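Here UniProt numbering is used: the first residue of the sequence shown is 1, the next is one more, and so on.
Just so you know, even glycine gets a beta-carbon here, dropped at the ideal spot from N, CA and C.
Since the structure is predicted, the reported quantities are computational estimates derived from the model, not experimental observations.
In what follows, a structure is listed as structure tokens, so that the remarks can point back to it.
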Amino acid sequence: MTIALASPSLSLFDSWSDTVAEFGDVHIDGAGLERGQSADRDACAAFIEKAELYADPNATLPEGHVACDYFWITDDDEVVGFIAFRRELNDWLRSYGGHIGYSVRPSRRRRGIARAALDLVLDRARAQGYDRVMLTCDDDNVGSYRTIEGAGGELAGVIEKPEAAESGERVRQYWISL
């Protein structure tokens with residue numbers, strides 16, 4: 001297994017499309033896609049444009065959005081997941097999203113991919129001068145909170161999701177010192 005971070009590229013379209021399709025109609029953390037978005041070539045090209053825009057520190061982004069570096073997690077040039085590094089926190093991210101969001105395709109989970117990709121993004125954050133970053137995950141996502149804690153995450157709190165008034169779903173908030 002050789003985990004790397006790739007900039008979004010049409011050269012990885014087939015693998016990207018297979019990975020997006022495998023998630024089905026759910027939100028894909030760190031992918032920068034809308035829930036249920038198609039995985040066709042036009043959608044891929046549009047996302048690549050979006051990724052380039054969000055990576056530009058001088059870009060004017062939609063209200064409520066922050067500069068972000070989107071990466072496709074690859075294993076020997078196969079897209080196996082997504083990870084995003086948001087360079088600042090707005091109010092929503094400070095509570096529910098954090099600096100880093102990630103997902104690994106269901107068929108490739110429990111193999112250390114998320115941890116390897118997280119370590120690569122933490123190295124980038126450290127190199128860019130960050131002294132700590134925030135990550136969040138659902139309170140019942142054992143795999144994710146173990147990944148975060150294994151990378152040095154310290155639990156800062158557990159809060160209720162804003163849309164979870166009746167369900168009681170909660171989010172864990174972590175800080176990782178770099």
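**OP:** Quick one: using the 10 Å Cβ neighbour count with 16 as the cut-off for buried, is M134 buried or exposed?
**Re:** Taking the sequence shown and counting its residues from 1, the one referred to as residue 134 is at position 134. Burial call: buried.
Original post:
In or out: V26 buried (at least 16 other Cβ within 10 Å) or exposed?
Top reply: As a working note, residue 26 is residue 26 in the sequence shown. Flag for V26 reads exposed.
Original post:
How about I73 and I113: do their beta carbons lie closer than 8 Å?
Top reply: As a working mapping, residue 73 is identified with position 73 in the sequence shown. As a working mapping, residue 113 is identified with position 113 in the sequence shown. Taking 8 Å as the Cβ cut-off, I73 and I113 qualify as a contacting pair.
Original post:
How should T147 be labelled, buried or exposed, when 16 other C-beta atoms within 10 angstroms of its C-beta is the threshold for buried?
Top reply: Translated into the one-based positions of the sequence shown, residue 147 becomes position 147. By the neighbour-count rule (16 or more Cβ atoms within 10 Å), T147 is buried.
Original post:
How would you label G168, buried or exposed, when you count the other beta carbons within 10 angstroms and need 16 or more for buried?
Top reply: What you label residue 168 is simply residue 168 of the sequence shown in a count that begins at 1. When all chains shown are included, G168 counts as exposed.
Subject >> Delimiting residues of the alpha helix (DSSP H) encompassing D14 >> reply: Here residue 14 is taken as the residue at index 14 of the sequence shown, counted from 1. Here the alpha helix (DSSP H) through D14 covers F13 to F23.
Subject >> Proximity to V66 [Cα-Cα], best of A39, G32, G36 and V104 >> reply: The residue labelled residue 66 in the question sits at position 66 within the sequence shown. Of the listed residues, the one whose Cα sits closest to V66 is G32.
**OP:** Please list the segments of the beta strand (DSSP E) lying wholly inside the UniProt domain "N-acetyltransferase" (31 to 178), counting only runs of 3 or more residues, in order along the chain.
**Re:** 68 to 75, 78 to 86, 100 to 104, 132 to 138, 154 to 160 and 170 to 177
Original post:
Buried or exposed: V142, going by 16 or more other Cβ atoms within 10 Å of its Cβ?
Top reply: Here residue 142 corresponds to residue number 142 of the sequence shown, with the count starting at 1. Per the 10 Å Cβ criterion, exposed.
Original post:
How would you write the range of the beta strand (DSSP E) that I3 sits in, first residue to last?
Top reply: For this step, residue 3 is matched to residue 3 along the sequence shown. Run containing I3: I3 to A6, per the beta strand (DSSP E) assignment.
Subject >> Whole-angstrom distance between H99 and D91, CA atom to CA atom >> reply: In the sequence shown, residue 91 corresponds to position 91, counting from 1. In the sequence shown, residue 99 corresponds to position 99, counting from 1. Straight-line Cα distance between these residues: approximately 12 Å.
Original post:
Would T136 pass as a contact of V80 if the rule is Cβ separation under 8 Å?
Top reply: As a working note, residue 136 is residue 136 in the sequence shown. As a working note, residue 80 is residue 80 in the sequence shown. Not closer than 8 Å, so no.
Original post:
From L53 to T60, what distance separates their C-alpha atoms?
Top reply: By 1-based counting over the sequence shown, the position of residue 53 is 53. By 1-based counting over the sequence shown, the position of residue 60 is 60. When rounded, the distance between both Cα atoms is 8 Å.
Original post:
Taking the Cβ atom as the reference point for each residue, do V121 and I176 lie within a distance shorter than 8 Å?
Top reply: Looking up residue 121 in the sequence shown gives position 121. Looking up residue 176 in the sequence shown gives position 176. Contact: no.
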